[in-house]
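Report on the structure given below.
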Amino acid sequence: AVGKGGWSLWGGGCCGEGAGIVPCLACVPCRHGQLGHGGLEPVREPRRVEALHGVPMGDVAAGGWHSVSVSEGGDLYVWGWNESGQLALPSKALAETRPPAPASVSQPEEAGAGAGEAELKSVNREPAPGAEAVDFISIQAFPALLDLPEGSEVSKVSCGSRHTAAVTRTGELYTWGWGK
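With the first letter of the sequence shown counted as 1, position 147 gets the number 147 in the UniProt record's numbering; the numbers rise by one all the way through.
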């Protein structure tokens with residue numbers, strides 16, 4: 001549901017099934033932060049994404065276990081599961097295939113984040129001899145502002161189960177995530 005100045009996201013199903021009006025009761029609740037509320041539990045009724053309250057949104061897309069949105073100003077926000085790099089944040093899967101590319105991420109300040117709510121889960125892996133330690137972000141439970149190269153403004157987004165695509169206002173296409 002779209003309201004001026006924010007989005008409401010809810011759901012309890014797996015792989016995007018049941019998100020919205022009819023929850024998928026046959027599935028174990030997914031716990032990947034894809035709703036953007038900071039927690040990892042299902043939400044049965046529409047709830048505004050407080051981290052984005054007051055930021056007018058122009059587009060939103062949902063993958064299997066991640067979500068992305070674009071503000072009317074062209075800013076891109078990402079949250080949810082990042083196991084395959086679908087949020088463009090450091091991930092184990094991408095680090096195993098190539099050196100990590102730096103992504104600039106800003107965390108919106110979340111008022112009232114209480115106990116039991118997870119902002120992100122990171123896993124630190126021991127580096128190979130001569131390499132630097134890298135923190136991998138597997139779950140980003142709050143929306144994070146992602147900066148595309150050269151300050152590009154995004155107009156549209158789309159998600160697959162393990163990848164994301166964005167089109168800029170100048171018509172450039174960016175994709176990231178699992179490419180196997």
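Each residue gets a CB set at the ideal place from its N, CA and C atoms; glycine is no exception. Only a predicted model underlies this, so the values are computations on that prediction, with no experimental measurement involved.
* Asked: How many Å lie between Val154 and Pro42 at the Cα?
  -> For the purposes of this step, residue 154 is identified with residue 154 of the sequence shown, where counting begins at 1. For the purposes of this step, residue 42 is identified with residue 42 of the sequence shown, where counting begins at 1. Roughly 29 Å between the two C-alpha positions.
* **Neighbour-count burial assignment, Thr164, 16 or more Cβ in a 10 Å radius** => Reading the sequence shown from its first residue, position 164 is the one you call residue 164. By the neighbour-count rule (16 or more Cβ atoms within 10 Å), Thr164 is buried.
* Asked: Considering residue 181, what are the terminal residues of the beta strand (DSSP E) in which it resides?
  -> Residue numbering for the chain in the displayed model covers 1 to 180; residue 181 lies beyond these limits and cannot be assessed.
* To do: Give me the Cα-Cα distance between Arg169 and Val78, rounded to the nearest whole angstrom.
  => Translated into the one-based positions of the sequence shown, residue 169 becomes position 169. Translated into the one-based positions of the sequence shown, residue 78 becomes position 78. So the two alpha carbons sit approximately 18 Å from each other.
* **Range of the contiguous beta strand (DSSP E) that encloses Thr164** => Stepping through the sequence shown from its first residue, residue 164 is reached at position 164. Segment 163 to 168, the beta strand (DSSP E) holding Thr164.
* Asked: Going straight from the alpha carbon of Val167 to that of Glu72, what length do you get?
  -> Residue mapping note: residue 167 aligns to position 167 of the sequence shown, counting from 1. Residue mapping note: residue 72 aligns to position 72 of the sequence shown, counting from 1. Straight-line Cα distance between these residues: approximately 14 Å.
* Tell me, which residues are paired with Ser158 by DSSP? -> Position 158 of the sequence shown, counted from the start, is the residue given in the question as residue 158. Answer is Ala165, bridged to Ser158.
* Asked: How would you call Asp75, buried or exposed, if buried means at least 16 neighbouring beta carbons within 10 angstroms?
  -> If you number the sequence shown from 1, residue 75 lands on position 75. Asp75 counts as buried, since at least 16 other C-beta atoms from the protein chains shown sit within 10 angstroms of its C-beta.
* Out of Glu172, His53, Leu87, which has the shortest C-alpha to C-alpha gap to Ala61? -> Mapped onto the sequence shown, residue 61 falls at position 61. The shortest Cα separation from Ala61 among Glu172, His53, Leu87 belongs to Leu87.
* Name the DSSP beta bridge partners of Gly36, please? -> Taking the first residue of the sequence shown as position 1, residue 36 is located at position 36. According to DSSP, which records beta bridges pairwise, Gly36 is partnered with nothing at all.
* Can you say whether Leu35 is buried or exposed, counting buried as having 16 or more other CB atoms within 10 angstroms of its CB? => For the purposes of this step, residue 35 is taken as the residue at position 35 of the sequence shown. Note on Leu35: 16 or more other CB atoms within 10 angstroms of its CB, so buried under the neighbour-count rule.
* What does a CB cutoff of less than 6 Å around Ser69 pick up in its chain, not counting 5 residues either side in sequence? -> The sequence position of residue 69 within the sequence shown is 69, counting from 1. Met57, Val60, Tyr77, listed in sequence order.
* Own chain residues within Cβ distance below 6 Å of Gly177, not counting five before or after -> Position 177 of the sequence shown, counted from the first residue, corresponds to residue 177. Contacts found: Ser84, Gly85, Gln86, Arg162, His163, Thr164.
* **Which of helix, strand or coil DSSP assigns to Gly73** => Here residue 73 refers to the residue found at position 73 of the sequence shown. Gly73 falls in the coil class under three-state DSSP.
* At which residues does the beta strand (DSSP E) containing Leu173 begin and terminate? -> Here the question's residue 173 lines up with position 173 in the sequence shown. Here the beta strand (DSSP E) through Leu173 covers 173 to 177.
* **Rounded C-alpha distance that separates Glu150 from Leu52** => Looking up residue 150 in the sequence shown gives position 150. Looking up residue 52 in the sequence shown gives position 52. If you take the alpha carbons of Glu150 and Leu52, they lie about 23 Å apart.
* Boundaries of the beta strand (DSSP E) in which Gly63 is found, first to last residue -> Taking the sequence shown and counting its residues from 1, the one referred to as residue 63 is at position 63. From DSSP, Gly63 is part of no beta strand (DSSP E); its letter is neither H nor E.
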